[in-house]
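Peer 1: To start, I am sharing the structure in question, which I have written as structure tokens.
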Amino acid sequence: MLVLFETPAGYALFKMTNESILKDADGIYDEFSTPEKAAESVKLKAFMTFADTADAVAASTEMIDSKMGKSLKKFLTKNIVKKELKDKLAVSDSKLANAIKDKLSIKCVNDSGVMELMRGIRGQLDGLLTSVGDDNLKAMRLGLSHSLSRYKLKFSADKVDTMIVQAIGLLDELDKEINTYAMRVKEWFGWHFPEMAKIINDNMMYAKVVVRMGVRTECKNCDFSDIMEDEDMVKDLKEAAEVSMGTEITMIDIISIKSLADQVVALSEYRLQLSEYLRSRMQAIAPNLTIMVGELVGARLIAHAGSLINLAKQPASTVQILGAEKALFRALKTKHDTPKYGLIYHASLIGQAAPKNKGKISRVLAAKCALAIRVDALADETDTSIGIESRSKVEMRLRQLEGGARLLEAAPKTPTQVKKYDSKAAVAGTPKTFSTGEDMVEVKEEGSEKKKKKKDKSAKKAKKAAASAGAVNGDSAVAASEDTNGSAAPATVKEEGDLETPKKKKKKRKSVGGDADEVGDSGEASAAAATPSSKKKKKRKSVGGDVGAEGDGDGGEGSEKKRKKKKKEEA
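Counting from 1 along the sequence shown, just add 400 to a position and that's the residue number in our numbering.
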């Protein structure tokens, strides 16, 4: 039986001299307790070394994935297939054994005895591989383990973002310390030379001048050409030192002040070195992000997220407001507007934008930064083309916004012209919106006009009714003088009816008896004259003499009432 064993140095093929030991799996360990016993149980038949570490990593990766690579296939073909060996092959992985059997038609064995055999060979590997030294084997094992671990973790030594997180944190601390120390130097030395703070504003320059000058009386003898390039500033400083109103201090005080000023200068120089280191690390780890927002803003984004991978997992909306979490949650709690930008606000592209366009540019920049961060974190090769293209697009968008604003500002302020109303365009366009206020006003005006019209009509009707009533009373009086029996009453009533005909249209009437029609009409006309109404007359159908009798009765009653009114007026 043959045994396939993989080592950090290469593939090994062993020949078992005693196959009976596989029957007792528990006793295999005793057969490999010493190098001598191991050499008696198995013997090295063939060995193929890996060309380099990359070849070893590739072979190990294929073995871990239970795949037969090209190197293993070549090794087995050369030592088993071409030699036409019929021995079984012991393999530690069952899936790899099936792959070898399918591709090379080699009978493979994988059971508990084979696993114990592999464990025994691994324990005595140094004695079995005499061609490879012990030191070389250990070095190969260590290098392969490191490379394989990096491959599994997708880890690159050049992508160590922890250094960026620490560097940006130290840079912020240095800024605070330098500012504190510089303010202390100005305040301390200001008692001796107060005019100097008004002449020199830069903290670094102020500290260097203090170290060079010491007491103000030595100012005229000092050369500040390497510290201050402006000759007028040097002249003003020397003139102010001669007429200074500061207090006198001892040499011990000057030594303490100069010591503090030395620390300010040293910290400032170290800050410059740290800033340069941070710039180089950002160019190596996140070049596309550096192109988009710069070294400091990019480093702060990475530090805030924790790592470059964590930042790459964030969407563009989170990248946009990263650093403004307090304002975001406060706005959500109080139901106000959420912030538009966080740490990304300090990017140069947003600084170039107008205040009204900062929100739009921050949104565009965050979207492009999210893509650049993912490329930096997950790309195998460093490529800055995406960062350059994205920055050019953001700059183009910024020019569009700024150009549009300028065009609006430069537009001449001409009076607006009211277009003529087009009914067809109005119908074809958007529907007219309903205006409650306008409609209510129109309804009120229509209602008032209608009420006025009704009042006018009712007043006119009342006047006409009164006039007709007077005319009827006069006619009835004449009729009474001519015939006291009331024979002329129907005629007078009919005349009244004739007077009312132009006011209202008479409705059609169906009558059967002729006399009844005439009497009925006269009775109705007299009743309408006595009590005028605005309602229309209903159609009446008179069938037979009963209706005529009712009409006569109505006419008689109306004439009697009119006679009584006439008598009362005369009395």
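We treat Cβ as the ideally placed atom computed from N, Cα and C, and that holds for glycine.
Helix, strand or coil, according to DSSP, for G533 in the structure here?
Peer 2: On the sequence shown, position 133 is the one that residue 533 refers to. It is coil, neither helix nor strand.
Peer 1: Distance check for V615 and R791, CA to CA, integer angstroms please.
Peer 2: Translated into the one-based positions of the sequence shown, residue 791 becomes position 391. Translated into the one-based positions of the sequence shown, residue 615 becomes position 215. C-alpha separation (whole angstroms): 52 Å.
Peer 1: Starting from the C-beta of R584, find all residues in its chain whose C-beta is less than 8 Å away, skip the five residues before and the five after it, and write them out in chain order.
Peer 2: Within the sequence shown, the letter at position 184 stands for residue 584. So the list reads L660, once near-sequence residues are dropped.
Peer 1: Is D426 buried or exposed, if buried means 16 or more other CB atoms sit within 10 Å of its CB?
Peer 2: Along the sequence shown, one-based indexing puts residue 426 at 26. When all chains shown are included, D426 counts as exposed.
Peer 1: Could you tell me if P365 is buried or exposed, where buried requires 16 or more neighbouring beta carbons within 10 angstroms of its beta carbon?
Peer 2: An answer regarding residue 365 cannot be provided, because it is not within the stretch 401 to 971 covered by the chain.
Peer 1: What ranges does the beta strand (DSSP E) occupy inside the region 731 to 757, keeping only unbroken runs of at least 3 residues that lie completely in it?
Peer 2: Here no run is fully enclosed.
Peer 1: Leaving out five residues before and five after S785 in sequence, what residues of the same chain have Cβ atoms less than 6 Å from its Cβ?
Peer 2: Here residue 785 is taken as the residue at index 385 of the sequence shown, counted from 1. Nothing meets the Cβ criterion.
Peer 1: Sorted by chain position, which residues of the same chain lie with C-beta nearer than 7 Å to R763's C-beta, five sequence neighbours on each side aside?
Peer 2: As a first step, residue 763 must be located in the sequence shown, where it is residue number 363. Contacts found: Q720.
Peer 1: On the three-state DSSP scale, how would you describe A490?
Peer 2: On the sequence shown, position 90 is the one that residue 490 refers to. The answer is strand: DSSP assigns A490 an E or B state.
Peer 1: In whole angstroms, what is the alpha-carbon distance linking L525 and M563?
Peer 2: The sequence position of residue 525 within the sequence shown is 125, counting from 1. The sequence position of residue 563 within the sequence shown is 163, counting from 1. Taking the straight line joining both Cα atoms gives about 41 Å.
Peer 1: Identify the residues that DSSP records as bridge partners of Y411: which are they?
Peer 2: Counted from its first residue, the sequence shown places residue 411 at position 11. According to DSSP, Y411 bridges with E406 and M448.
Peer 1: Within the chosen definition, does the region 535 to 546 reach the region 461 to 470 through at least 3 CB pairs nearer than 8 Å?
Peer 2: No contact exists between the region 535 to 546 and the region 461 to 470.
Peer 1: What did DSSP end up calling V509 once you bin it into helix, strand or coil?
Peer 2: Stepping through the sequence shown from its first residue, residue 509 is reached at position 109. V509 falls in the strand class under three-state DSSP.
Peer 1: V664 and C769 look like a contact to me (Cβ under 8 Å); what is the Cβ gap, rounded to whole Å?
Peer 2: Residue numbering aside, residue 664 sits at position 264 when the sequence shown is read from its first letter. Residue numbering aside, residue 769 sits at position 369 when the sequence shown is read from its first letter. That pair is no contact at about 36 Å.
Peer 1: Which runs of the alpha helix (DSSP H), 4 residues or longer, sit entirely within the region 573 to 638?
Peer 2: Listed in chain order, they are 596 to 599 and 603 to 613.
Peer 1: For A490 and V514, which I take to be in contact (beta-carbon distance under 8 Å), what is that distance rounded to the nearest angstrom?
Peer 2: By one-based count along the sequence shown, residue 490 stands at place 90. By one-based count along the sequence shown, residue 514 stands at place 114. Yes, A490 and V514 are in contact; Cβ-Cβ is about 5 Å, under 8 Å.
Peer 1: Run through the DSSP bridge pairs and tell me what V442 is partnered with.
Peer 2: Taking the sequence shown and counting its residues from 1, one reaches residue 442 at position 42. Note: V442 sits in a beta bridge opposite M416.
Peer 1: Is L571 helix, strand or coil by DSSP?
Peer 2: Start at 1 with the first residue of the sequence shown, and residue 571 comes out as number 171. In this structure, L571 counts as helix in the three-state DSSP scheme.
Peer 1: Evaluate D534 with the Cβ neighbour count: other Cβ atoms within 10 Å of its Cβ, from every protein chain shown; 16 or more gives buried, anything less gives exposed.
Peer 2: For this step, residue 534 is matched to residue 134 along the sequence shown. By the 10 Å Cβ count, D534 comes out exposed.
Peer 1: Buried or exposed: T530, going by 16 or more other Cβ atoms within 10 Å of its Cβ?
Peer 2: Taking the sequence shown and counting its residues from 1, the one referred to as residue 530 is at position 130. With fewer than 16 Cβ atoms within 10 Å of its Cβ, T530 is classed as exposed.
Peer 1: Could you spell out the range, first to last residue, of the alpha helix (DSSP H) harbouring V560?
Peer 2: Translated into the one-based positions of the sequence shown, residue 560 becomes position 160. No alpha helix (DSSP H) holds V560; DSSP gives it neither H nor E.
Peer 1: Where does Y429 land, buried or exposed, given buried means 16+ other C-beta within 10 angstroms?
Peer 2: Counted from its first residue, the sequence shown places residue 429 at position 29. Label assigned to Y429: exposed.
Peer 1: Alpha helix (DSSP H) containing E646: first to last residue?
Peer 2: Start at 1 with the first residue of the sequence shown, and residue 646 comes out as number 246. In the sequence as presented, Glu is not what sits at residue 646; that position holds Gly. No alpha helix (DSSP H) contains G646, which DSSP labels as neither H nor E.
Peer 1: So for L722, helix, strand or coil by DSSP?
Peer 2: For the purposes of this step, residue 722 is taken as residue 322 along the sequence shown, with counting starting at 1. Residue state, collapsed to three classes: coil.
Peer 1: Does the structure place the region 585 to 593 close enough to the region 635 to 647 that three or more beta carbon pairs sit under 8 Å?
Peer 2: Yes, the region 635 to 647 touches the region 585 to 593.
Peer 1: Below 8 Å on the Cβ atoms is my guess for I568 versus L678; work out the distance and round it to an integer in Å.
Peer 2: In the sequence shown, counting from the first residue as 1, residue 568 sits at position 168. In the sequence shown, counting from the first residue as 1, residue 678 sits at position 278. Right, their Cβ atoms sit about 6 Å apart.
Peer 1: Quick one: any contact between the region 405 to 422 and the region 446 to 460, if contact means 3 or more CB pairs under 8 Å?
Peer 2: Short answer: they touch.
Peer 1: Between L722 and A705, what straight-line distance do the alpha-carbon atoms span, to the nearest angstrom?
Peer 2: By 1-based counting over the sequence shown, the position of residue 722 is 322. By 1-based counting over the sequence shown, the position of residue 705 is 305. So the alpha carbons of these two residues sit roughly 8 Å apart.
Peer 1: My assumption, with CB atoms under 8 Å, is that S547 sits in contact with V609. Please give the rounded CB distance.
Peer 2: Stepping through the sequence shown from its first residue, residue 547 is reached at position 147. Stepping through the sequence shown from its first residue, residue 609 is reached at position 209. Between V609 and S547 the Cβ distance is about 56 Å, and since that is not below 8 Å, they are no contact.
Peer 1: Do P739 and A727 have their CB atoms nearer than 9 Å?
Peer 2: For the purposes of this step, residue 739 is identified with residue 339 of the sequence shown, where counting begins at 1. For the purposes of this step, residue 727 is identified with residue 327 of the sequence shown, where counting begins at 1. Yes, Cβ-Cβ distance for P739 and A727 is below 9 Å.
Peer 1: Please go through the same chain and pick out, in chain order, the residues whose beta-carbon is closer than 7 Å to the beta-carbon of V611, but skip the five residues on each side of it.
Peer 2: Within the sequence shown, numbered from 1, the residue matching residue 611 stands at position 211. For V611, where only same-chain residues beyond five positions count, the Cβ hits under 7 Å are K658, A661, D662 and V665.
Peer 1: According to DSSP, simplified to helix, strand and coil, what is M401?
Peer 2: Counting from 1 along the sequence shown, the entry for residue 401 is found at position 1. Of the three classes helix, strand and coil, the one that applies to M401 here is coil, per DSSP.
Peer 1: If L765 sits next to A747, beta carbons under 8 Å apart, how far is it from one beta carbon to the other, in whole angstroms?
Peer 2: Translated into positions along the sequence shown, residue 765 becomes position 365. Translated into positions along the sequence shown, residue 747 becomes position 347. Indeed they touch by this definition, with Cβ atoms about 6 Å apart.
Peer 1: Please work out which residues of its chain come closer than 6 Å, Cβ to Cβ, to N479, disregarding the five sequence neighbours upstream and downstream, and give them in chain order.
Peer 2: As a first step, residue 479 is located in the sequence shown; it is residue number 79 there, counting from the start. For N479, where only same-chain residues beyond five positions count, the Cβ hits under 6 Å are L413 and A446.
Peer 1: Shortest alpha-carbon distance to Y741 belongs to which of T734, K733, K735 and G751?
Peer 2: Position 341 of the sequence shown, counting from 1, holds the residue named residue 741. Taking only the C-alpha atoms, the option nearest Y741 is G751.
Peer 1: So the alpha helix (DSSP H) M463 belongs to, where does it begin and stop?
Peer 2: For the purposes of this step, residue 463 is taken as residue 63 along the sequence shown, with counting starting at 1. Note, M463: alpha helix (DSSP H), T453 to I464.
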